[in-house]
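In this note's numbering, the protein residues as written are 750 to 991. No residue lacks a Cβ here, since even glycine has one placed at the ideal position from N, Cα and C. Report on one structure; see the data block that follows.
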């Protein structure tokens with residue numbers, strides 16, 4: 750009996766990744782250093798460097814995949830993974846399906862891109878409101894845009910923004926909030942970073958004010974700005990809802 754048990758464990762732990770923790774796994778993106786999502790076990794085993802399979806036909810021949818936020822959501826009623834590709838002037842919010850048997854995910858569609866909406870430029874954060882509408886933050890245009898669930902049509906600006914719109918500018922379709930003018934901003938004025946939905950609000954990390962805007966999803970009213978300068982954080986970038 751002891752010999753049988755010994756053989757069983759010897760075979761088990763001779764297999765690849767035998768000492769790696771099972772699901773749930775960790776997905777990671779690496780700015781400009783990797784063009785795909787890396788998959789890790791919770792105890793640090795690198796399980797895959799190619800989670801994503803396929804993608805759109807990029808508008809620019811010079812396009813380099815620069816991944817930022819990855820967020821689980823829904824697409825046509827099924828679980829999906831939304832992925833921000835931040836390449837300047839050719840950014841994409843791509844949608845990938847559920848895990849295949851080998852742990853990869855197939856490309857389904859592009860929710861929005863710079864091609865379809867020039868306000869999407871250097872895409873950074875992604876989140877969803879309670880009804881499933883998708884929001885995307887763009888660093889170069891310094892804004893947050895929102896699009897309808899599944900169809901990804903640009904939504905109308907919220908009421909608070911409508912009252913404050915300047916008639917001197919043409920705002921990007923789907924604008925939820927715009928910081929400064931609706932155009933490409935200089936590097937030192939590109940404050941918008943990550944976003945998350947918290948109950949009925951959208952939280953927006955903004956480097957320019959070294960803080961987080963809390964904005965009502967319905968009205969677009971800025972309810973508060975959390976000042977992070979007093980706790981010695983030089984640049985709020987990624988936000989995590991736990």
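Here residue 966 carries a coil assignment [DSSP, helix/strand/coil].
In the structure shown, the three-state DSSP call for residue 958 is helix. In the displayed model, residue 842 falls within a strand according to three-state DSSP.
With respect to the 8 Å criterion, residue 864 and residue 908 are not classified as neighbours on the basis of their beta carbons. 857 is the residue among 904, 839, 857 and 866 whose C-alpha sits nearest the C-alpha of residue 804. The three-state secondary structure of residue 827, taken from DSSP, is strand. For residue 939, there is no enclosing beta strand (DSSP E), as DSSP marks it with neither H nor E. With fewer than 16 other beta carbons inside 10 angstroms of its own, residue 900 counts as exposed. In the assembly as shown, residue 778 is a buried residue. Its beta-carbon has 16 or more other beta-carbons within 10 Å.
Apart from the 5 residues on each side of it in sequence, residue 890 sits with its Cβ closer than 6 Å to the Cβ of 868 and 870 in its chain, given in chain order. Cβ-Cβ distances below 7 Å link residue 897 to 882 and 904 in the same chain, with the five nearest sequence neighbours on each side left out; the list follows chain order. Measuring C-alpha to C-alpha distances from residue 953 to each of 968, 978, 930 and 925 identifies 925 as the nearest.
Contact holds between the region 786-802 and the region 848-856, because three or more Cβ pairs, one in each stretch, are under 8 Å apart. Contact check for residue 833 and residue 872: beta-carbon distance about 4 Å, within the 8 Å limit, so the pair qualifies.
A straight line joining the alpha-carbon of residue 959 with that of residue 976 spans about 7 Å. In the DSSP assignment, residue 976 falls within the beta strand (DSSP E) that extends over 971-976.
Secondary structure of residue 791 (DSSP, three-state): coil.
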